[in-house]
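Numbering (our numbering), first residue to last: 18 to 192.
Beta carbons: idealized from backbone N, C-alpha and C, even for Gly.
Printed below as a string of structure tokens:
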């Protein structure tokens, strides 16, 4: 995805070749703003809901590829629903836990894998279209009105509650 300097969605690009190697240092993500992790959770969680809408009916040449993508999206969804709240709390405390690692891996490795396996049948649908449209609106969500939690450094970050319910709504990343 390409964005303008003003944060507007410009272009979605597909590449012919997959990455050969992706290296991730989880401590960098652990120390990044929580909003980035939350946006990643929302974006990756949306993959399941988009995939089940886009996937072709069983049978036909595309069904196997789409099935691989859907199964991957389901596995990622399950990890995110089970571990995201814990991972966000762990990040607030600065604890590099297995739950945090699982969520980061689901976002980075799993999220990319879904589109690679399922091709166009598991890539983008309504959630991404809504996000891209929201990036061009003049009026943006004011995160200063969102409930906050204190961090160890004394600063405050948005607090989300529920079983990652906020992740999907906040996953309109970087508004």
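**Study point:** Entirely enclosed beta strand (DSSP E) segments - the region 60-112, minimum 3 residues
**Key:** none
Practice item. Locate the alpha helix (DSSP H) running through residue 119, then write down its first and last residues. Key: 115-122
**Study point:** Between the CA atoms of residue 110 and residue 36 - distance to the nearest angstrom
**Key:** 32 Å
Point to revise | Three-state secondary structure assigned by DSSP to residue 27 | key: strand
Review point. Taking the alpha-carbon positions, what's the residue 118 to residue 23 distance?
Key: 31 Å
Exercise for review: Report yes or no: do the region 79-89 and the region 97-116 share at least 3 C-beta pairs separated by less than 8 Å?
Suggested key: no
Review point. Using the C-alpha atoms, what's the distance from residue 93 back to residue 115?
Key: 15 Å
Review point. Taking 9 Å as the CB-CB cut-off, is residue 60 touching chain C?
Key: Judged by its chain identifiers, the structure shown contains no chain C, having just a single protein chain.
Review point. Would DSSP call residue 160 helix, strand or coil?
Key: Reliability of the predicted coordinates at residue 160 is poor, the pLDDT of 45 falling under 50, and the value obtained from them is presented with this limitation in mind. Helix at residue 160.
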